[in-house]
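Novice:
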């Protein structure tokens with residue numbers, strides 16, 4: 002992010018109010034008052050390349066520009082409608098490349114939604130839910146060619162997606178191209194998901210956050226999932242994974258994709274398992290491949306593939322305290338054992354690469370054998386699989402498929418660094434995408450925190466994207482509040498990592514908020530906060546009155562004595578402008594330092 | 002903590018219910034159901050030396066013994082009464098040492114409670130609130146001698162307090178003595194606070210957590226503060242600091258001390274400032290000294306003293322983004338500037354040492370110049386003060402005063418380690434006691450998390466005690482829920498640090514919970530959780546039915562497919578006892594490893 006005078010004039014509070022009322026479901030509407038920011042755009046080399054930013058207007062007339070993931074939903078000039086879907090921002094870019102073709106896609110089937118022909122109720126429910134947006138033909142690489150950002154980058158092309166990302170990350174687009182070409186970063190952007198605002202995942206860029214949503218056999222509905230997606234991106238989710246496992250998987254995904262401004266990831270194995278009624282041994286390469294094509298035609302941007310769970314590794318989990326905790330990993334382990342054969346994902350990996358390359362679906366090579374407890378961290382099963390992911394990464398790159406690698410899991414702090422270092426070495430610096438890691442097992446209901454600790458550390462050390470964990474982890478399915486708590490916690494971890502990595506401009510945000518704090522600009526503190534709504538609520542709990550919003554003290558010390566007020570007095574005490582004071586005090590401090598900084602003599606005893 | 006067969010038979014659910022009804026305000030009472038644990042004691046070399054533990058009874062007949070800070074309040078056999086106070090556990094130990102004398106203490110004065118003689122309302126309020134417990138004479142070292150655990154340890158004496166701690170931490174009492182003698186650990190235990198259950202703060206021991214309470218000019222009451230103290234210790238606070246700044250400071254502190262099973266810390270400067278109506282420049286050494294004696298006679302176990310804020314350092318804060326954010330630090334800075342004289346705390350430090358030594362009050366040398374923002378981390382002002390704290394630490398040790406050093410504050414992850422490394426070097430390994438540190442400034446309302454991240458890391462690297470931060474930090478005063486959230490977050494950070502440090506037995510807790518998770522023992526998962534109440538509530542939100550508490554699946558994957566269930570199948574698949582399976586699988590995996598762990602050949606391109 003950057004601090005600068007507003008590229009657009011700071012809107013008056015009237016404008017703000019109007020804005021807040023217009024924007025359905027924004028933070029502002031929720032808070033019921035102006036929150037002093039609006040959606041702005043930075044234009045690139047062409048009129049249809051406009052990068053969204055969040056412009057926060059400060060009471061001192063300045064503005065702070067923040068990275069924005071919330072999509073058109075927070076733009077008052079755009080009238081969004083979830084039944085119509087978002088505008089296909091990238092469509093012209095994709096068509097202009099001239100390397101893809103529309104074709105008659107795979108016809109949807111009842112079983113795609115887990116519906117038996119004998120189930121009218123299910124059938125009806127499905128019909129009710131069908132996405133009403135305009136019908137569309139799927140698109141793929143002409144002649145099955147690789148239409149991936151990796152292929153373009155290797156050819157030296159800077160695509161509109163790369164330019165968009167360059168502006169978004171305040172970096173030269175050539176850096177974007179070079180990192181993608183080297184396989185150190187990925188741009189998940191399926192040619193069938195033109196609605197997304199391009200983003201990048203790589204260690205040279207801002208650390209990203211993924212939020213998981215998805216209905217299950219036990220609970221939840223399509224509407225809820227779409228709402229969870231927009232809700233998650235509003236609070237800062239950079240990508241969303243749809244892990245639905247129950248009914249209406251196909252239809253839910255269609256609604257989510259058509260309305261999502263961020264890349265969508267899935268685990269195709271989950272839907273494939275539904276198609277065989279949850280009987281892992283009944284899975285086949287054909288069913289899996291058909292599911293991957295079904296999802297690629299819909300526009301899924303990246304897919305978790307557990308091709309590293311190989312027959313010989315399954316026994317390595319027998320001594321574990323918690324065995325296999327990855328759902329995909331255990332499905333493949335069950336299949337391998339049932340047939341006593343090598344994984345069909347591993348055996349058919351090259352063919353899978355060709356499919357993904359023709360849609361630009363990015364691999365997220367899954368860590369099916371990740372540790373599920375502190376006791377199992379960094380064990381033989383985990384690292385044996387990682388070595389295989391390294392082999393698969395090399396193969397995927399040969400097919401021009403963008404690839405990231407998934408990581409654990411449950412890992413105590415002193416064993417975290419080994420994970421990122423080994424992954425970077427074995428996988429030729431491919432982006433690491435980790436779940437947490439959780440740094441202890443003793444706090445169910447607080448695993449957003451046990452894992453936020455590990456996430457911040459592994460992000461600092463080079464992990465490119467952090468998969469959030471909600472308070473419900475291990476206990477239940479996250480509701481709306483849990484999703485928000487998970488996203489906010491992980492945005493904290495990601496930003497703390499950006500600071501520690503010294504990402505250009507990252508600290509400007511902290512500085513802007515700290516300036517507001519020191520100058521008692523309470524409204525600016527709220528508006529710059531990761532969660533303005535809760536910050537304001539907490540302040541008002543103790544000091545509700547409006548005057549308190551401009552008071553030169555807070556509820557911690559009260560009006561009688563305020564520590565930061567003293568600092569202002571200190572400056573006055575030394576007279577002159579702040580610059581003069583600083584200069585004068587600098588001089589004094591240098592004199593003092595020269596004098597040895599001490600009064601007591603060293604004591605020998 | 003240790004895992005072992007229950008020292009006491011697992012109580013029947015009837016006993017538990019009875020227990021839960023009897024114990025006022027326990028977790029159980031709050032949850033409204035049995036939580037399957039009870040208070041037990043490990044006896045030492047004498048009948049009056051009984052170390053409290055929390056015994057969790059598992060459904061598999063075993064029990065897990067956890068460190069317990071909740072005091073007599075969770076012992077159904079003890080009838081506690083906050084108007085009477087706790088039993089003086091250590092009184093006989095202190096008397097038996099024969100080195101202290103009772104004396105007629107300093108008479109309480111209205112101004113001790115911030116009451117003007119002209120204020121009948123305040124006067125009445127004060128009389129109402131006077132602690133009704135039995136009157137007591139204060140005690141001090143006979144002839145002003147040092148009656149500190151440090152003095153005893155240096156003489157080679159293993160006190161009952163040290164034996165108590167040895168049992169509590171599963172370490173040889175001689176290790177306790179040696180660490181205290183070396184100044185690497187402190188046992189805050191004022192001879193006038195016999196009610197405490199001894200605990201230790203040092204890097205060789207479990208990382209401890211402090212919770213701050215305290216009424217202010219703006220809000221809160223005596224009853225609330227006493228309740229916050231028992232509430233905080235119930236969730237795991239190892240010490241509590243009473244930072245009251247409003248009315249009734251003396252009386253509030255008396256109630257808190259007489260009812261506290263953990264050491265109590267204060268910042269005497271706060272009360273001294275109240276005595277001069279908040280006019281920093283009106284402070285004198287005499288008023289401060291009188292306040293320290295007043296508090297020492299009441300039994301305060303450790304005191305934060307900002308003697309490192311020296312006149313020459315004040316100018317070093319002029320260039321800072323957030324100046325001085327420590328209340329004590331800014332009071333002393335204001336005094337130094339107002340008089341243009343060196344700090345009276347620094348000038349009179351040796352006399353202060355003699356006072357503290359005669360009550361065994363432990364120093365917590367305050368970091369009055371700690372950074373209040375990411376921008377100010379590790380700057381000249383902060384480290385100049387730290388060097389002075391190093392000098393003062395040496396002086397305090399010469400007077401046999403136990404000493405710990407306070408640390409920041411706001412520090413980005415990559416600058417945290419320098420803080421602990423420098424402090425350990427400059428302060429001869431005296432225990433470090435840090436506030437957070439907060440790893441970013443952008444998340445007001447979530448600073449328990451921004452700081453929990455830094456706390457876990459600095460704890461791993463050797464910090465002995467972590468001062469909690471609540472969600473209300475920077476915004477308002479913490480309520481009961483905020484105190485709980487702050488303590489739980491910091492217990493997570495402390496335990497994550499214990500794991501990373503490899504503290505003996507620390508992982509047993511994680512292992513016990515992970516075993517319960519893998520074996521679908523839901524009740525055991527709840528009862529072993531840091532917060533059993535919330536863990537159970539979250540589970541029941543999705544799967545309320547009782548059967549779900551024994552179900553071999555959870556709401557994440559549903560009944561159709563459970564990843565951990567597969568792991569059990571894998572074991573069955575390989576037949577035999579778990580040991581045989583493990584052995585057999587080990588063999589297979591070794592063969593596989595010998596074969597090179599790969600199928601694809603390395604690809605060169």
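Chains as they are written, first to last, in our numbering: chain A, 2 to 606; chain B, 2 to 606.
Idealized CB from N, CA, C, for every residue including glycine.
It should be emphasised that the depicted structure is a prediction, and the values quoted were computed from it without experimental measurement.
Closer than 9 Å by beta-carbon distance: list the chain A residues that pair up with residue 421 of chain B, in chain order.
Specialist: Ordered by position in chain A, no residue passes the 9 Å Cβ test against residue 421 of chain B, which lies about 14 Å from the chain.
Novice: With DSSP as the reference, please indicate the residues paired to residue 44 of chain B in a beta bridge.
Specialist: DSSP output for residue 44 of chain B lists B:51 as bridge partner(s).
Novice: Give me the residue from B:502, B:273 and B:366 with the minimum Cα distance to residue 332 of chain B.
Specialist: Among B:502, B:273 and B:366, the Cα nearest to that of residue 332 of chain B belongs to B:273.
Novice: Which same chain residues end up closer than 6 Å to residue 44 of chain A when comparing Cβ atoms and leaving out the 5 residues on each side of it in sequence?
Specialist: Taken in chain order, the residues that qualify are 51.
Novice: To which residues of the same chain is residue 154 of chain A closer than 7 Å at the C-beta, ignoring the five residues directly before and after it?
Specialist: Once the five neighbours on either side are set aside, the close Cβ partners of residue 154 of chain A are 178, 181 and 182.
Novice: Distance check for residue 449 of chain A and residue 1 of chain A, CA to CA, integer angstroms please.
Specialist: As displayed, chain A neither begins before 2 nor continues past 606, which places residue 1 of chain A out of reach and without an answer.
Novice: Check the Cβ-Cβ distances between residue 475 of chain B and every residue of chain A, and say whether any is below 8 Å.
Specialist: At least one chain A Cβ lies under 8 Å of residue 475 of chain B.
Novice: For residue 213 of chain B, I'd like the list of residues in its chain whose CB is within less than 6 Å of its CB, leaving aside the five on either flank, ordered along the chain.
Specialist: Once the five neighbours on either side are set aside, the close Cβ partners of residue 213 of chain B are 242 and 244.
Novice: On a Cα-Cα basis, can you pick out the residue from A:320, A:377 and A:282 that is closest to residue 343 of chain A?
Specialist: Residue 343 of chain A has its Cα closest to that of A:282, out of A:320, A:377 and A:282.
Novice: Spatial neighbours of residue 577 of chain B within its chain, please: CB distance less than 6 Å, with the 5 preceding and 5 following residues excluded, ordered by chain position.
Specialist: Unreliable placement is indicated for residue 577 of chain B, whose pLDDT of 49 sits below 50; no coordinate value is reported for it.
Novice: Return the residues of the region 324-344 of chain B that lie within a Cβ-Cβ distance of less than 9 Å from chain A, sorted by chain order.
Specialist: Taking 9 Å as the Cβ-Cβ cut-off against chain A, the residues of the region 324-344 of chain B that qualify are 324, 325, 326, 327, 328, 329, 330, 331, 332, 334, 335, 338, 339 and 343.
Novice: Whole angstroms is fine: what's the gap from residue 517 of chain B's alpha carbon to residue 317 of chain A's?
Specialist: Using only the alpha carbons, I get a separation of about 21 Å.
Novice: When DSSP labels each residue in this structure, what does residue 79 of chain A get in the three-state scheme?
Specialist: Correct three-state label for residue 79 of chain A: coil.
Novice: Residue 458 of chain A CB to nearest chain B CB: under 8 Å?
Specialist: It does: the Cβ of residue 458 of chain A has a partner Cβ on chain B nearer than 8 Å.
Novice: Using only alpha-carbon positions, find the residue among B:225, B:215 and B:207 that is nearest to residue 239 of chain B.
Specialist: That would be B:207, whose Cα lies nearest to the Cα of residue 239 of chain B.
Novice: Any C-beta of chain B sitting closer than 8 Å to the C-beta of residue 516 of chain A?
Specialist: So, interface residue.
Novice: By how many angstroms is the C-alpha of residue 408 of chain A removed from the C-alpha of residue 521 of chain B?
Specialist: Approximately 25 Å, taken between the alpha carbons.
Novice: For a contact defined as C-beta to C-beta under 9 Å, what are the partners of residue 374 of chain A on chain B?
Specialist: The answer, in chain order, is 511, 512, 514, 515, 516, 518 and 519.
Novice: Report back the beta-carbon spacing between residue 369 of chain A and residue 310 of chain A to the nearest angstrom; my notes put them in contact at under 8 Å.
Specialist: Confirmed, Cβ separation roughly 4 Å.
Novice: With 9 Å as the limit, tell me which residues of the region 176-205 of chain B have their beta carbon closer than that to any beta carbon of chain A; keep them in chain order.
Specialist: Cβ contacts with chain A: none found.
Novice: Given a threshold of 16 other Cβ atoms within 10 Å of its Cβ, counted over all protein chains shown, does residue 474 of chain A qualify as buried or as exposed?
Specialist: Buried is the call here.
Novice: Grab the span of the beta strand (DSSP E) containing residue 369 of chain A for me, first residue to last.
Specialist: Taken as a continuous stretch (DSSP letters only), residue 369 of chain A belongs to no beta strand (DSSP E), as it is neither H nor E.
Novice: Bridge partners of residue 434 of chain B, per DSSP?
Specialist: Bridge partners of residue 434 of chain B: B:407 and B:466.
Novice: Using a Cβ-Cβ distance cut-off of 8 Å, determine whether residue 149 of chain B contacts chain A.
Specialist: Output row for residue 149 of chain B: interface = no.
Novice: Return yes when the C-beta of residue 341 of chain A is under 7 Å from any heavy atom of the ligand FAD, and no when it is not.
Specialist: The ligand FAD is not part of the structure shown, which contains no ligands of any sort.
Novice: So that I know if they touch, is there some Cβ in chain B lying closer than 8 Å to that of residue 529 of chain A?
Specialist: Yes, contact with chain B.
Novice: For the beta strand (DSSP E) that contains residue 303 of chain A, what are its first and last residues?
Specialist: Residues 303-306.
Novice: Take residue 49 of chain A as the anchor and find which of A:58, A:89 and A:366 has the nearest alpha-carbon.
Specialist: Of the candidates A:58, A:89 and A:366, the one whose C-alpha sits nearest the C-alpha of residue 49 of chain A is A:89.
Novice: In three-state DSSP terms, what is residue 540 of chain B?
Specialist: Helix, per DSSP.
Novice: With a threshold of 8 Å, are at least 3 pairs of Cβ atoms found where one atom belongs to the region 258-268 of chain A and the other to the region 225-232 of chain A?
Specialist: Judged by Cβ distances under 8 Å, the region 258-268 of chain A makes contact with the region 225-232 of chain A, as three or more pairs qualify.
Novice: Does DSSP classify residue 25 of chain B as helix, strand or coil?
Specialist: Since pLDDT at residue 25 of chain B reaches only 32, below the 50 mark, its modelled position is unreliable, and the value read off the structure follows with that caveat. Here residue 25 of chain B sits in coil by DSSP.
Novice: Less than 7 Å between C-beta atoms, sequence neighbours within five positions excluded: which residues of the same chain meet that for residue 78 of chain B?
Specialist: Same-chain partners within the cutoff: there are none.
Novice: Between residue 440 of chain A and chain B, is the shortest Cβ-Cβ distance under 8 Å, so that the two count as touching?
Specialist: Yes - at least one Cβ of chain B is within 8 Å of the one on residue 440 of chain A.
Novice: Could you spell out the range, first to last residue, of the beta strand (DSSP E) harbouring residue 418 of chain A?
Specialist: No beta strand (DSSP E) contains residue 418 of chain A, which is instead part of the alpha helix (DSSP H) from 417-427.
Novice: Please state whether the Cβ-Cβ distance between residue 417 of chain A and residue 455 of chain A is less than 8 Å.
Specialist: Closer than 8 Å, so yes.
Novice: Check the Cβ of residue 245 of chain A against every Cβ in chain B and list those closer than 7 Å, keeping chain order.
Specialist: Within 7 Å Cβ-Cβ: nothing; residue 245 of chain A doesn't reach chain B, min ~11 Å.
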